[in-house]
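Visitor: Sending over a structure as structure tokens; questions will come in a sec.
Following this line, the structure appears as structure tokens:
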């Protein structure tokens with residue numbers, strides 16, 4: 006795994022451990038017991054969170 010992906014994964018792990026992030030179990034067409042994380046009023050999958058951080062890292066490198 007490249008360094009950017011490792012960093013994004015570590016940021017996501019830290020985020021989901023925060024008090025304001027709530028894990029919720031949802032029914033999904035892909036996986037019957039999918040876990041999402043509620044941040045504010047919206048749910049995100051772990052993949053979406055990692056992708057967000059990876060995009061931020063890419064944008065930061067372009068500066």
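Numbering (the working numbering), first residue to last: 6 to 68.
Just so it is clear, CB atoms sit at the ideal spot from N, CA and C, and this is done for glycine as well.
Verify whether the separation of the beta carbon atoms of residue 51 and residue 13 is less than 8 Å.
Guide: At a Cβ-Cβ threshold of 8 Å, residue 51 and residue 13 do not count as neighbours.
Visitor: DSSP three-state label for residue 23, please.
Guide: Secondary structure at residue 23: coil, using DSSP grouped into helix, strand and coil.
Visitor: If you compare alpha carbons, which of 54, 65 and 30 is closest to residue 20?
Guide: When 54, 65 and 30 are compared, the shortest CA-CA separation from residue 20 is found for 54.
Visitor: For the alpha helix (DSSP H) that residue 68 lies in, which residues bound it at each end?
Guide: Per DSSP, residue 68 belongs to no alpha helix (DSSP H) and is neither H nor E.
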